[in-house]
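Read through the structure below, which is laid out as structure tokens, and then see the notes.
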Amino acid sequence: MERKLIALDLDGTTLNADSKLNAATIQTMQRLQAAGHVVSIITGRSYQGSQAIYDSLQLVSPMINFNGSLGHLPHQSWDSEYQFTVNKAIVLALVQYREQLGISEIIAENKNSTMTAGQDLIAGKFFPEIANSPRLTPETLTRNPNSLVLIVQMDRRTAVIDWINKHFGDFVDVGVWGGPNAILEVTSKGVHKAKGVAYLADYFKIPRRDIIAFGDEHNDLEMLQYAGLGIAMANGTPAIKAAADDTTAYDNDQNGVARYLNDYFELAE
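Everything in the sequence shown is counted per the numbering used here, starting at 80 for the first residue and increasing by one.
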């Protein structure tokens, strides 16, 4: 069998509902990696929020963070590391108008740093790394972040999106997280997970037809469409299932990814 690039979303896909890895998933990924396939995490999470998972899987491949904005090789220097960023002038404009726009908290992240402005109780649930992070101010923000996350008041969400698009729409895209909370993500224009997957495929000289990608949410859409085989999770959104080439028989609490790959590669469980 030709060498494959296996692109793994984390939350709702490779991880269970408790954001944990199952032993069977770890075993499957290690076996595929040992067989010569490239197993890579492609996540919206920060590096800080995904490093432990990378280590638990014992991967040796590059990882894509911030939905395609950062590609790097954990724990070592990589000449092909890349990043897309949001101009800090845009960040500081949002800080300046934060209260007026109804933004509860702003989280600016890079590979190894996190800064925040404002405060929202739900932020700590999704971003545990912000607990002791420095405040986001014109003085502390010395470089452009890879990712900008906004916790907004639900009734102001559309207005915030419209404001950003009006003032900075030529430079950034605004994504809406799934779920009941009003969380927006601001990224460099045209950047998504498929950018990272395509970069890795080119680096490893793996043709598009030999890319297998797994996802469950809207931020996985471009990646699943780009892959030669895009797989939606059984617990995925209707839109993701409609766009995918196939759907797992089992959800993320039932080792859906590992079971699918075991069948595909004819691995004995």
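Where is the CB? At the ideal position from N, CA and C, for every residue including glycine. Remember, it's a predicted structure, so these values are computed and weren't measured experimentally.
Roughly how many whole angstroms lie between the Cα atoms of residue i and residue j?
i	j	result
residue 339	residue 130	24 angstroms
residue 335	residue 122	17 angstroms
residue 86	residue 224	24 angstroms
residue 84	residue 288	10 angstroms
residue 248	residue 272	20 angstroms
residue 193	residue 318	32 angstroms
residue 283	residue 154	19 angstroms
residue 117	residue 241	40 angstroms
residue 252	residue 243	9 angstroms
residue 300	residue 221	33 angstroms
residue 279	residue 233	37 angstroms
residue 255	residue 275	20 angstroms
Give me the Cβ distance between residue i and residue j, rounded to the nearest whole Å; I'm assuming they're in contact under 8 angstroms.
i	j	result
residue 170	residue 227	6 angstroms
residue 328	residue 310	The Cβ separation is near 11 angstroms, so there is no contact.
residue 181	residue 239	7 angstroms
residue 197	residue 184	4 angstroms
Just reading off the alpha helix (DSSP H) that residue i is part of, what are its end residues?
i	result
residue 108	102-113
residue 293	No alpha helix (DSSP H) holds residue 293; the beta strand (DSSP E) holding it covers 290-294.
residue 302	300-305
residue 335	335-343
Nearest to residue i by alpha carbon, out of the options?
i	options	result
residue 303	288, 313 and 322	322
residue 191	115, 127 and 346	127
residue 231	186, 217 and 248	186
residue 98	269, 188, 331 and 151	331
residue 164	96, 109 and 270	270
residue 147	290, 277, 285 and 155	277
residue 218	167, 179 and 265	167
residue 103	337, 343 and 342	337
residue 94	136, 80 and 111	136
residue 342	140, 296, 134 and 107	107
With DSSP as the reference, identify every bridge partner of residue i, one or two as the case may be.
i	result
residue 169	Residue 169 is not bridged to any residue.
residue 176	Looking at the DSSP assignment, residue 176 forms no beta bridge with any residue, so it has no partner.
residue 161	150
residue 142	151
residue 54	Nothing about residue 54 can be reported from this structure: the residues present for the chain run from 80 to 348 only.
Between which two residues does the beta strand (DSSP E) harbouring residue i extend?
i	result
residue 194	193-197
residue 24	Here the chain covers residues 80 to 348 and nothing more, so residue 24 does not appear.
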